[in-house]
Amino acid sequence: MKKLLLAIVLVCGALGAVIAQTRTVTGVVTDQSGEGLIGASIAVKGTTTGTVSDFDGTYSIRVPETGGTLVFSYTGFSTEEVEIGSQSVINISLQEGVVLSEAVVTALGVQREEKALGYAVQEIESDQLNLSQDPNVISSLSGKVAGVQIISSSGASLGGSAKVRIRGVSGLTGGDPLYIVDGTPISNDNFSGSTSGSDYGNLATDINPNDVEKVSVLKGPAATALYGERASNGVVLITTKKGNYGKKGIGVSVTSSVTADRVYILPNYQNEYAGGYSQEFEEYVDPVDGQTYKGLLYAADESWGPRMDGTQYRPWWSWLPGDDYGTQIPLEAQPDNVRDFFETGLSNINTVAINGGAENMGYRFSFTNQNQGGVIPNSELDKNIVQVNLNSEIVKNLSLEVNANFSSISGLGRPEFGYNGDNPLTSFNQWFQRQLSMDRLADYKNPDGTFRSWNMRSPTNTRPQYWDSPYFSVFENYSTDSRSRYYGNIGLTYQVSDNLTIKGAIRRDDYTQRLEERNATGGLDLDRYREFVAQGREDNYELLAVFADNFGKFSLDATLGGNIRNNSYHSDDVSTAGGLTAPNLFNIEASVDRPNVARTIRNKKVNSVFGSATLGYNSFAYLGVTLRNDWSSALPANNNGYLYPSISGSLVFSELLNSNVISFGKLYGSVAQVGADLNPYQTNLLYNFGANPYGSNATFSVPNTLPNQDLLQTLSTSWETGIDVRMFNDRFGFNAIYYEGNVENDILTVQIPGSSGYSSALVNAGLFTSKGIELALYGTPVRSGNFNWDVRLNYARNRTTVEKLYQDLGNYKLADGIGGQGWGGFTINAIVGQEWGLARGRGFTYDDAGNYVITEGGRYVIDNNKDLGSILPDFQGGFLNTFTIGNFSINAMIDFQAGGQFFSVTKMFNAYSGLGEDTVGDNALGNPVRDPVLNTSGEAVTSVLRGDAAANSGGVLVEGVSESGEPLSVLVDAVSYYGRLFGVHERWLYDASYVKLRELSVGYTLPKEKLGNLPVQSIGFSLIGRNLWLINSNVDGLDPSEILPGANNLVFEERGGLPGVRSFGARLNVTF
């Protein structure tokens, strides 16, 4: 490997002996009326050299001394190519509509003509990406790229995670794409709490959306093959804004936004019955006055209690010492008590950017401060992000490029999620009493500093039975987190000749994540403290040669390069055990017992060589090939190298037409193979440190999983074909793609006999096939004077099938249980011959006519191992409308999903505990379902056949057929009915379909003539909103688009999640 890299260096060094000159070309890019176009793209064809035009359309770019070709492009306008020759000033007017071929960013940051690509690449410009000032650049992609599914956590999670799926799932784990920022690979790891469920977010949230110029999504293996073993799940290329190379002067831009976040969706609660296990009041004797008072069963955490009809009773707080002792109040509903818990979260994002340049340099510096208050009390997130971009010709024909990004993030009280005692939503939605006042719960401290809770065991024993006050959880059991990070690169670019460029770069991504979690003394749980520190680092050393030239009717674009990558990760996780030696002494040394200590170390090295070539003929036919070889330290030394090839082609058939309808048309296709590397140390035997020493000696243990020295990389092979057509001078167009692929040699953990000394082993196994279609439609239905209406529709459908697993293994469990709980054996599976992600669990039994099979006691006959369908959606997409009316603009982004399903823990417990709206109302006899079930003798029973029920009987009506097929109609006591449904997974599986108004912005740009003599170039103001309207959903009280359970790769469960959040705000942009 070292010899190969050395050969590349020597070849490039030899080519560098050919000395050439570079020079500066300047000019102005305008529209047909002569107005300057801000943000137009100008690139030297076949190279990585490019720039964008300034606010007035001016630009400056370094070009080879002997000329070359400049490519000018701007969204909605023609793309023009101009031979440079000896010109030093090139002004150009772009025409609306007629698009020849736009330049797009491809693998390794090389700009290629779109017509020459034989695979799918979709770009999102900054104005579309940043419609509503979403602080998470990943979430802002929702619905905007065909074939890309974004699954977000709730906005209440305060900077929580977002997961990206490109073309569905692959293999067993689904996988994440590779993220590249200005050529530098960055980690998108995420972190969550240990015993807590806090979601500390993806590392991609360190990117400032205001710094992003465009995002390119590389979908298929042909597009990603040059990135090798990490690109099997696609690549997200992020290009940031740059300075004005070659143009003297300084520009300043200020972007400031403020948004208010409010909870907008909660479960539908019942407001008829109070807390308790029965509808009878409890009676308590006051130890002070000896009188008997009505009260509730405070120790109950369910709401099957007395009807809230205004009866006088003693609430929980009337038994505590103080002025309120002995108070009686009417028993009344608190319909807004859960909503009253949440606050309005205010978020401020302010960015100041300075960009400028000189004859031989360009630079941009930006600083962003973000302060976000959470909707959960005592939660806050602060970010400071600094970015520096510099491009300078340090000597003739040699340029220096610097990209540096620094971020500092600190969080306080990030909310808990999931089925967790410190998650207030677990209490509110699953174990609560509906008469509770949030004002009273907020008063969670006694005068002596001890804590009080509504869930006290009795009036004389006020220790909580199950739950602390929700305010205790957020103000006492809070977490803090911080992260410091640097990522970027420094590189040199040498213009060897008009056609050859040599680039070398050193790239680094380095972060340190710190977490602190605490359980306060005096709560229900044992007091506790935890510290977690993780340090991750990746270094890349890259050398790249880029060649471009024309030979008569032929053109050739080629790259050759090599890369050395080093990855390291180190974490220490330490927590107290047995409590704290002193109250609220949050220090590891205060551990009563020996602290829990865990250390993780991972190191990995990958060496690579790669190359690509694209041959074109007469701007009509193109053939491209790529080849990459990776050598990974994670693989066995005798078999650690893998080759990844691809071949692609395109035919620009519009070159053969003389049509007034089709202005551009291209057929394209590709075949490619990429791999997925192993994690370190999976092929070698490593001993585990023991938790307890043997005397003064450390102990070690053999791991449970047998390593496999013959493990191979997972390989993904696919092909795709597509058509790109633009019509009526680019007024309308579409891009349609069909693809198929397979994943083989995935890594499975299989059970082995205990006599081996191990319980499991790692093996290569499996074959998974996928196929899908992607469709992007766009057009301008109306273009009339000062009014334009532009639309863009994305649609994608994917299917992944499990063809085989390992030997005679027919089912591999992808996930077992729900949120770590068994609850009846619900699993997500890869089953041979079935679609990936099949849910299996307890479900109903039906007869041939679709009737429930039930017993005479009203019990459903349950199938304990029933196939319940796939968790993956049938299709998804997005619909973007942009209206321009003079200086006003309106952007509305709607995204949608059809199919898929998820299990709702909230819904299941909401019913089981008597909190949900479904648990009240009248039955078929016109009586309240919670009234006793009565037979004709007036006796209260658990269930009764409808024909044998009293006219005033309560209960839930269950209808179906017996196992022999006879019709049955049974009234069942409500508590028993919903108790029997607990753990019947089919009942709590919900359709994940939705249609959502994700983003909306209404903006106004002040006309230039109204700026007068102000030292201001432009002023823009917009009203913005996110998650404004869940237009359609098949589940009440939950948002199917925001159920990501933190740092979880599989998305199939809503387990006590945080509520959906709606954001309203305003944004101001000023350019000086």
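Counting in numbering that gives the first Met the number 0, the sequence shown runs from 0 upward without gaps. Ideal Cβ positions, reconstructed from N, Cα and C, are used throughout, including at glycine. These numbers come from a predicted model, not from an experiment.
{"query": "First and last residue of the uninterrupted beta strand (DSSP E) at Leu411", "result": "Leu397 to Leu411"}
{"query": "In DSSP terms, what Lys604 is bridged to", "result": "Asn565"}
{"query": "Buried versus exposed, by CB contacts within 10 Å (16 or more), Lys812", "result": "exposed"}
{"query": "Minimum C-alpha distance to Tyr73 - residue among Asp30, Leu988 and Val387", "result": "Asp30"}
{"query": "Selection from Leu584, Asp53, Ile772 and Leu93 that minimises the alpha carbon distance to Ser32", "result": "Leu93"}
{"query": "Length at least 4, wholly inside the segment 975-1009: the alpha helix (DSSP H) runs in chain order", "result": "none"}
{"query": "Proximity winner among Gln896, Thr1070, Val940 and Glu938, relative to Leu1029 (alpha-carbon distances)", "result": "Gln896"}
{"query": "Rounded straight-line distance, which links the Cα of Gln86 to that of Thr23", "result": "10 Å"}
{"query": "Entirely enclosed beta strand (DSSP E) segments - the segment 730-796, minimum 3 residues", "result": "731-750 and 759-783"}
{"query": "Contact under 8 Å by Cβ, Glu855 with Leu944", "result": "yes"}
{"query": "CA-to-CA distance, Val660 to Ala1046, given in whole angstroms", "result": "With a pLDDT of 42 at Ala1046, under the threshold of 50, the modelled position of this residue cannot be trusted, and the question is left open."}
{"query": "Reference Lys246, options Gln806, Leu980 and Gly26, closest by Cα", "result": "Gly26"}
{"query": "Proximity test, Ser436 beta-carbon vs the ligand MG heavy atom, cut-off 7 Å", "result": "Ligands are entirely absent from the displayed structure, and the ligand MG is therefore not among its contents."}
{"query": "Under 8 Å between C-beta atoms of Glu281 and Gly294", "result": "yes"}
{"query": "Three-state secondary structure assigned by DSSP to Val97", "result": "Here Val97 scores only 45 on pLDDT, less than 50, and its place in the model should not be relied on; the value that follows carries that caveat. Val97 falls in the coil class under three-state DSSP."}
{"query": "Separation of Gly1019 from Leu99, as counted between CA atoms", "result": "The pLDDT assigned to Leu99 is 44, lower than 50, so where the model puts this residue is not dependable; a value taken from the coordinates is nonetheless given after this. Going by the C-alpha atoms only, they are around 31 Å apart."}
{"query": "Sequence-distant residues of the same chain with beta carbon closer than 6 Å to Arg1066, five excluded per side", "result": "Gln132, Ser256, Ser1021 and Ile1023"}
{"query": "Sufficient close CB pairs (3 or more, under 8 Å) joining the segment 451-460 to the segment 293-309", "result": "yes"}
{"query": "8 Å Cβ cutoff met for Arg839 and Ile861", "result": "no"}
{"query": "Range covered by the beta strand (DSSP E) that runs through Leu1067", "result": "Gly1059 to Thr1070"}
{"query": "Reference Tyr568; option with closest CA among Asp556, Val591 and Lys604", "result": "Lys604"}
{"query": "Collapsed DSSP secondary structure at Tyr911 in the structure displayed", "result": "helix"}
{"query": "Top-ranked residue by Cα proximity to Gln431, from Phe416, Gln464, Glu415 and Pro320", "result": "According to the sequence provided, residue 431 is Phe. The question's Gln does not apply to it. Cα-wise, what sits closest to Phe431 is Gln464."}
{"query": "For Phe471, the three-state DSSP class (helix, strand or coil)", "result": "helix"}
{"query": "Collapsed DSSP secondary structure at Tyr118 in the structure displayed", "result": "coil"}
{"query": "Cβ neighbour criterion (16 or more within 10 Å) applied to Lys1", "result": "Bear in mind that the predicted position of Lys1 carries a pLDDT of just 45, short of 50, making it too unreliable to give a figure here."}
{"query": "Between the CA atoms of Phe733 and Val211 - distance to the nearest angstrom", "result": "26 Å"}
{"query": "Classification of Lys1009 by the beta-carbon crowding that lies within 10 angstroms, buried from 16 upward", "result": "exposed"}
{"query": "Between the CA atoms of Gly250 and Gly15 - distance to the nearest angstrom", "result": "Because the pLDDT at Gly15 is just 38, under 50, the model does not fix this residue reliably, and the value given afterwards should be weighed accordingly. Straight-line Cα distance between these residues: approximately 36 Å."}
{"query": "Identified DSSP bridge partners for Trp1028", "result": "Leu996"}
{"query": "CA-to-CA distance, Ser472 to Asp285, given in whole angstroms", "result": "30 Å"}
{"query": "Distance, Tyr794 Cα to Gly819 Cα", "result": "For Gly819, the predicted model reports a pLDDT of 48, less than 50, meaning its position is unreliable and no value from the coordinates is stated."}
{"query": "Complete runs of the beta strand (DSSP E) confined to the segment 630-662 [at least 3 residues]", "result": "640-650"}
{"query": "Endpoints, beta strand (DSSP E) assigned at Pro334", "result": "Unbroken run through Pro334: none, as it is neither H nor E."}
{"query": "The beta strand (DSSP E) enclosing Ser252, as first and last residue numbers", "result": "Gly248 to Ile264"}
{"query": "Distance, Leu380 Cα to Asn189 Cα", "result": "16 Å"}
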